[in-house]
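Enquirer: Pasting a structure below so you can have a look.
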Amino acid sequence: MNVQDRRRLLGPAAAKPMAFSYTTGGEVEKISTNTPPKYSEGEEVLSLHTGFIENCNGSALVEARNSKHQTSLITAVYGPRSIRGSFTSQGTITIQLKNGLLEKYNTNELKEVGSFLTGIFNSVVNLCRYPKSGIDIFVYLTYDKELQNETFDEKLQSEKLFSQITSLIPHCITSITLALADAGIEIVDIAAAGEANCTVISFIKNGEEIVGLWKDEGDHEDILESVSACKEHYKRYRDLMISCLLEQKNLDAKSA
Amino acid sequence: MSLSVAEKSYLYDSLASTPSIRPDGRLPHQFRPIEIFTDFLPSSNGSSRIIASDGSECIVSIKSKVVDHSMENELLQVDVDIAGQRDDALIVETITSLLNKVLKSGNGIDSSKLQLTKKYSFKIFVDVLVISSFSYPVSLISFAIYSALNSTYLPKLISAFDDLEVEELPTFHDYDMVKLEISPPLVFILAIVGNNILVDPAANESEVANNGLIVTWSNGKITSPIRSVALNDSNVKGFKPHLLKQGLAMVEKYASDIVRSLENL
Chain A
1 MNVQDRRRLL
11 GPAAAKPMAF
21 SYTTGGEVEK
31 ISTNTPPKYS
41 EGEEVLSLHT
51 GFIENCNGSA
61 LVEARNSKHQ
71 TSLITAVYGP
81 RSIRGSFTSQ
91 GTITIQLKNG
101 LLEKYNTNEL
111 KEVGSFLTGI
121 FNSVVNLCRY
131 PKSGIDIFVY
141 LTYDKELQNE
151 TFDEKLQSEK
161 LFSQITSLIP
171 HCITSITLAL
181 ADAGIEIVDI
191 AAAGEANCTV
201 ISFIKNGEEI
211 VGLWKDEGDH
221 EDILESVSAC
231 KEHYKRYRDL
241 MISCLLEQKN
251 LDAKSA
Chain B
1 MSLSVAEKSY
11 LYDSLASTPS
21 IRPDGRLPHQ
31 FRPIEIFTDF
41 LPSSNGSSRI
51 IASDGSECIV
61 SIKSKVVDHS
71 MENELLQVDV
81 DIAGQRDDAL
91 IVETITSLLN
101 KVLKSGNGID
111 SSKLQLTKKY
121 SFKIFVDVLV
131 ISSFSYPVSL
141 ISFAIYSALN
151 STYLPKLISA
161 FDDLEVEELP
171 TFHDYDMVKL
181 EISPPLVFIL
191 AIVGNNILVD
201 PAANESEVAN
211 NGLIVTWSNG
221 KITSPIRSVA
231 LNDSNVKGFK
241 PHLLKQGLAM
251 VEKYASDIVR
261 SLENL
């Protein structure tokens, strides 16, 4: 049935769609490491990966696996970009955590962790350098799973459930720090965190300053013991991040 | 409260000096005066209204429901509403999540005190309305929850405790009520300014604080959750590990006095 289309403004009968030639040069392509370097930290195997999302300013993928737990999270940094409205003498950071397909954590808890991470990175990012701008950070929990142990202990399992979000926080901090470095955003120092006795403590300046403390389980007696244990983890994670960033830089230099 | 750069610098220097000089003349461990009214909502099982000296005000209502405790994991649920903030605002959701963790059974609340029969328990709903707040309101809310739970009366059970053998629903006395005997945890906010720790920071002190600590006190000891919290967006910095020890020691020293004064209401 040949009926004239009266719903659209049609062009001339012989009109052809415009075709653009492919742009040559000028396009900067971020190259990510094809084979992500794996770093083993005691029992835990960490895989760090940066600069693999093209439409954001900086990105990082952190995958961690030990005998009990496996997690993977992607971080994307957008900014610094200008914000409208009244003048602000320094930049503002927003951090949002999103559940992956598993929908494991409730929104309240994720927002609480997001607010805690914002507090940490407000003291880590040199915000004075970015007046009237905003830095938006999105952390996406792609995979987070407890690996089943053969020896099933009910009490141990329930303790694990409580500490799950706690064990995720150090990886979030690693991932955000890497993504910020990848985005070229000025940071005071490389921030990382360690976990011990269900306590997460985040440090900067070679462990001389605490930027974040999160404890969900247990009494305070073990906090002071946890500080030294977390500091050891912090140093290991920080060294891994530095070697990952240097490797990335070498790869970029080779491909340029 | 918005302070100028010069005002912030003056305030920071005076708070970070040794000994610290607070703008309202308080000692580092001293709280602002608070007014608490309890049991003023006739349709609630317990209620309280707390007013801080800076005009911050919070109302807490306690309501109860009979539930099958094999089906319900948590017998205490907190819901926070802050005037002028959306329900999904960051501060509202953060405080709700924190308070639910503070009042989680096992931490400070003995869930056996809420048990009615072998099958049923009371579930307590704590509704918090922050009418106005000028500084981080968690400490104020926790004081209000503490006094509301301490003034809570629940209906008196007259049916049998053992209801597994004979299926029956709990029956209550028409008039008599029983006081709820639980000891809820308290939450303290500490501000870190330079090398000094200050309890209960006011709005202007929060604005220049380098960092903050949330410390929970339950049954005569410090317990989890313990957190660091950024009290402002512009002046946040790291702090030395010894300040953590100092802050916890300060709470340990003075928290029992606060509990005693709240119990004497």
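Each protein sequence line maps, in turn, to chains A and B.
Just so it is clear: in the first sequence, position 206 is 206 by the UniProt record's numbering, and no numbers are missing.
Just so it is clear: in the second sequence, position 57 is 57 by the UniProt record's numbering, and no numbers are missing.
Heads up, the beta-carbon is just placed ideally off N, CA and C, and yes, glycines get one too.
What residues of chain B sit near residue 108 of chain A, judged by a beta carbon separation below 7 Å?
Expert: Within chain B, the residues near residue 108 of chain A are 93, 96 and 97.
Enquirer: What does residue 225 of chain B reach in chain A if we use C-beta pairs closer than 9 Å?
Expert: The contacting residues are 214, 215, 216 and 217.
Enquirer: Mapping the DSSP letters down to three states, classify residue 319 of chain B as helix, strand or coil.
Expert: This structure cannot settle anything about residue 319 of chain B, because the visible part of chain B is limited to 1 through 265.
Enquirer: Could you please give the first and the last residue of the uninterrupted beta strand (DSSP E) stretch that includes residue 215 of chain B?
Expert: Unbroken beta strand (DSSP E) run through residue 215 of chain B: 211-218.
Enquirer: Identify whether residue 237 of chain B lies in helix, strand or coil by the three-state DSSP scheme.
Expert: Correct three-state label for residue 237 of chain B: coil.
Enquirer: Please go through the same chain and pick out, in chain order, the residues whose beta-carbon is closer than 7 Å to the beta-carbon of residue 2 of chain B, but skip the five residues on each side of it.
Expert: Once the five neighbours on either side are set aside, residue 2 of chain B has no close Cβ partner at all.
Enquirer: Would you kindly report the start and end of the unbroken beta strand (DSSP E) that includes residue 51 of chain B?
Expert: Per DSSP, residue 51 of chain B belongs to the beta strand (DSSP E) from 46-52.
Enquirer: Which chain A residues are close to residue 233 of chain B, counting only those with a beta carbon under 7 Å from its beta carbon?
Expert: In chain order: 92 and 122.
Enquirer: Quick check: the Cα distance between residue 44 of chain B and residue 263 of chain B, rounded to an integer number of angstroms?
Expert: Each residue's alpha carbon lies about 20 Å from the other.
Enquirer: Quick one: using the 10 Å Cβ neighbour count with 16 as the cut-off for buried, is residue 12 of chain A buried or exposed?
Expert: That one is exposed.
Enquirer: For the stretch 157-207 of chain B, which segments carrying the beta strand (DSSP E) assignment without a break, of at least 3 residues, lie completely within its bounds, in sequence order?
Expert: Correct list: 172-179, 186-193 and 196-199.
Enquirer: Could you say if the stretch 85-102 of chain B and the stretch 22-37 of chain B meet the contact criterion of at least three C-beta pairs nearer than 8 Å?
Expert: The stretch 85-102 of chain B vs the stretch 22-37 of chain B: no contact.
Enquirer: Taking only runs of the beta strand (DSSP E) that begin and end inside the stretch 41-71 of chain A, which ones reach a length of at least 3 residues, in chain order?
Expert: Listed in chain order, they are 44-50 and 58-65.
Enquirer: What's the C-alpha gap between residue 238 of chain A and residue 200 of chain A?
Expert: Each residue's alpha carbon lies about 15 Å from the other.
Enquirer: Out of B:62, B:140, B:114 and B:4, which one is the CA nearest neighbour of residue 126 of chain B?
Expert: Checked all of B:62, B:140, B:114 and B:4; the closest Cα to residue 126 of chain B is B:62.
Enquirer: Can you check the stretch 83-125 of chain B for any alpha helix (DSSP H) of at least 4 residues that lies completely inside it and give the ranges in chain order?
Expert: Counting only runs of 4 or more, we get 90-102.
Enquirer: For residue 75 of chain A, write down the residues that DSSP places opposite it in a beta bridge.
Expert: Partner(s): A:60 and A:139.
Enquirer: Is residue 195 of chain A helix, strand or coil when you go by DSSP?
Expert: Note: residue 195 of chain A maps to strand in three-state DSSP.
Enquirer: List, in order along the chain, the chain B residues whose C-beta lies closer than 9 Å to that of residue 51 of chain A?
Expert: Here the premise fails: no neighbours, minimum Cβ distance about 28 Å.
Enquirer: Would you give the residue range spanned by the beta strand (DSSP E) that residue 230 of chain A belongs to?
Expert: No beta strand (DSSP E) holds residue 230 of chain A; the alpha helix (DSSP H) holding it covers 221-255.
Enquirer: Is DSSP giving residue 88 of chain A helix, strand or coil here?
Expert: Correct three-state label for residue 88 of chain A: coil.
Enquirer: For the 8 Å Cβ check, are there 3 or more pairs between the stretch 48-56 of chain B and the stretch 138-150 of chain B?
Expert: Result yes; three or more Cβ-Cβ pairs closer than 8 Å.
Enquirer: Against residue 239 of chain B, what residues of chain A qualify as contacts under a CB-to-CB distance less than 7 Å, listed in chain order?
Expert: Per Cβ cutoff of 7 Å: 209 and 210.
Enquirer: Please report whether the beta-carbon of residue 257 of chain B lies at a distance below 9 Å from any beta-carbon of chain A.
Expert: No, its Cβ sits nowhere closer than 9 Å to a Cβ of chain A.
Enquirer: Decide if the stretch 128-136 of chain A is in contact with the stretch 82-98 of chain A; the criterion is three or more beta carbon pairs, one per stretch, under 8 Å apart.
Expert: Yes, since at least three Cβ pairs between the stretch 128-136 of chain A and the stretch 82-98 of chain A fall closer than 8 Å, the two stretches touch.
Enquirer: Which residues does DSSP list as the beta-bridge partners of residue 227 of chain B?
Expert: In the DSSP output, where bridge partners are listed per residue, residue 227 of chain B has A:214 and B:214.
Enquirer: Just verifying my parser: in three-state terms, what is the DSSP assignment at residue 29 of chain A?
Expert: At residue 29 of chain A, the pLDDT of 37 sits below 50, so the modelled position is not reliable and the matter cannot be decided from this model.
Enquirer: Run the CB neighbour count on residue 241 of chain A, radius 10 Å, all protein chains shown included, and call it buried at 16 or more, exposed below.
Expert: Buried, since its Cβ has 16 or more Cβ neighbours within 10 Å.
Enquirer: Take the Cβ of residue 260 of chain B as the centre, count every other Cβ of all protein chains shown within 10 Å, and call the residue buried at 16 or more, exposed below.
Expert: Result: exposed.
Enquirer: Quickly, what does DSSP pair residue 204 of chain A with across the bridge? List them, please.
Expert: For residue 204 of chain A, which the question treats as bridged, DSSP gives the partners A:209.
Enquirer: Do residue 54 of chain B and residue 267 of chain B have their beta-carbon atoms positioned less than 9 Å apart in this structure?
Expert: Any question about residue 267 of chain B goes unanswered here, given that chain B covers just 1 to 265.
Enquirer: Helix, strand or coil, according to DSSP, for residue 74 of chain B in the structure here?
Expert: In the structure shown, residue 74 of chain B sits in coil (DSSP, three-state: anything other than H, G, I, E or B).
Enquirer: Exposed or buried, residue 112 of chain B, counting other C-beta atoms within 10 Å across all chains shown (16 or more means buried)?
Expert: When all chains shown are included, residue 112 of chain B counts as exposed.
Enquirer: So, for residue 26 of chain A: in the same chain, excluding its five sequence neighbours on each side, which residues have a beta-carbon less than 8 Å away from its beta-carbon?
Expert: Bear in mind that the predicted position of residue 26 of chain A carries a pLDDT of just 38, short of 50, making it unreliable; the figure below should be weighed with that in mind. So no residue of the chain qualifies.
Enquirer: Would you mind working out which of B:14, B:38, B:178 and B:159 sits nearest residue 58 of chain B, comparing C-alpha positions?
Expert: Nearest of B:14, B:38, B:178 and B:159 to residue 58 of chain B, Cα basis: B:38.
Enquirer: According to the neighbour-count rule (16 or more other Cβ atoms, all chains shown, within 10 Å of its Cβ), is residue 158 of chain A buried or exposed?
Expert: Bear in mind that a pLDDT of 47 at residue 158 of chain A, under 50, signals an unreliable position, so the number given afterwards is only what the model happens to contain. Exposed, since its Cβ has fewer than 16 Cβ neighbours within 10 Å.
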